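Engineer: Okay, here's the structure, questions in a sec.
In this note's numbering, the protein residues as written are -2 to 227.
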């Protein structure tokens, strides 16, 4: 069985990733900012001995750097950058400030890069050697016909560029990297009007991940396996 490393695992899509991978028997390293605020995740871990909880604040560079030591000699087959913020506090003209922008960029863009850097040896030591970034259709420049959501769009577009660069740079090492749009999901971030459930989204994304081949590395997928324009 594979080892799956998931950030932002305490709720929504992250929690569903943990649940489905654990049910399949994989070793899941589930990261959350505070154990005390991860009741559902903790309960899930009591039901599945293959879930390993790890406290990680993706805005804390020291904690990210420590991952290299904490998980030394632990192969990681699939690294899933799920932790993210919506940037609703600085999404429109007239309501933005530097602090809000930097928070969104730190969580959605910088942290995935630093976490990948910290765990690169673990990824290279695995069989699957897969890096996944959860992105959004809002990151597509070709698809942007409405404007708005400035910080979120920019942070996810930058994440796409990072994953694309990793796909290029690490191809000779057999690493596969891709970004996936989870769809409009009924989560705290997606809202009650979402079109699909977390279970539907995760089932689809796991299928994309499982069938990811070297020729697909650097691609921009939707959870159902179709591809989006950059």
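Cβ coordinates follow ideal geometry from the N, Cα and C atoms, glycine included. Given the structure is predicted, the values throughout are model-derived calculations rather than measurements.
Helix, strand or coil: how does DSSP classify residue 213 here?
Structural biologist: Residue 213 falls in the helix class under three-state DSSP.
Engineer: What would DSSP say about residue 73, mapped onto helix, strand or coil?
Structural biologist: Coil.
Engineer: Identify every run of the beta strand (DSSP E) within the segment 32 to 95, keeping only runs that are complete inside it and at least 3 residues long; order them along the chain.
Structural biologist: As far as the segment 32 to 95 is concerned, its whole beta strand (DSSP E) runs of at least 3 residues are 48 to 52, 75 to 78.
Engineer: Taking 7 Å as the limit between beta carbons, can you name the residues of its chain near residue 202, skipping five residues before and five after?
Structural biologist: So the list reads 177, 179, 220, once near-sequence residues are dropped.
Engineer: What are the boundary residues of the alpha helix (DSSP H) that residue 25 is part of?
Structural biologist: No alpha helix (DSSP H) holds residue 25; the beta strand (DSSP E) holding it covers 24 to 29.
Engineer: Given 8 Å as the limit, is there contact between the segment 112 to 132 and the segment 34 to 52, that is, 3 or more CB pairs closer than that?
Structural biologist: The answer is no - the segment 34 to 52 does not touch the segment 112 to 132, with fewer than three Cβ pairs under 8 Å.
Engineer: For the segment 148 to 155 and the segment 83 to 103, state whether three or more C-beta atom pairs, one from each stretch, are separated by less than 8 Å.
Structural biologist: Yes, the segment 148 to 155 touches the segment 83 to 103.
Engineer: With DSSP run on the structure shown, which of helix, strand or coil describes residue 145?
Structural biologist: Reduced to three states, the DSSP call for residue 145 is coil.
Engineer: Under the three-state reduction of DSSP, which class applies to residue 222: helix, strand or coil?
Structural biologist: If DSSP states are grouped into helix, strand and coil, residue 222 belongs with coil.
Engineer: On the criterion of 16 or more Cβ atoms from any shown chain inside 10 Å, does residue 80 qualify as buried, or is it exposed?
Structural biologist: It counts as buried.
Engineer: Whole angstroms are fine: how far does the CA of residue 227 sit from the CA of residue 158?
Structural biologist: Their Cα atoms are separated by approximately 10 Å.
Engineer: Pick out whichever of 109, 32, 27, 88 has its Cα sitting closest to the Cα of residue 61.
Structural biologist: When only C-alpha atoms are compared, the closest one is 109.
Engineer: Quick one: Cα of residue 168 to Cα of residue 77, how far?
Structural biologist: When rounded, the distance between both Cα atoms is 18 Å.
Engineer: How is residue 1 classed by DSSP in three states: helix, strand or coil?
Structural biologist: Correct three-state label for residue 1: strand.
Engineer: What did DSSP end up calling residue 124 once you bin it into helix, strand or coil?
Structural biologist: The answer is coil: DSSP assigns residue 124 none of H, G, I, E or B.
Engineer: Assign residue 4 to one of two classes, buried (16 or more other C-beta atoms within 10 Å of its C-beta) or exposed (fewer than that).
Structural biologist: Flag for residue 4 reads buried.
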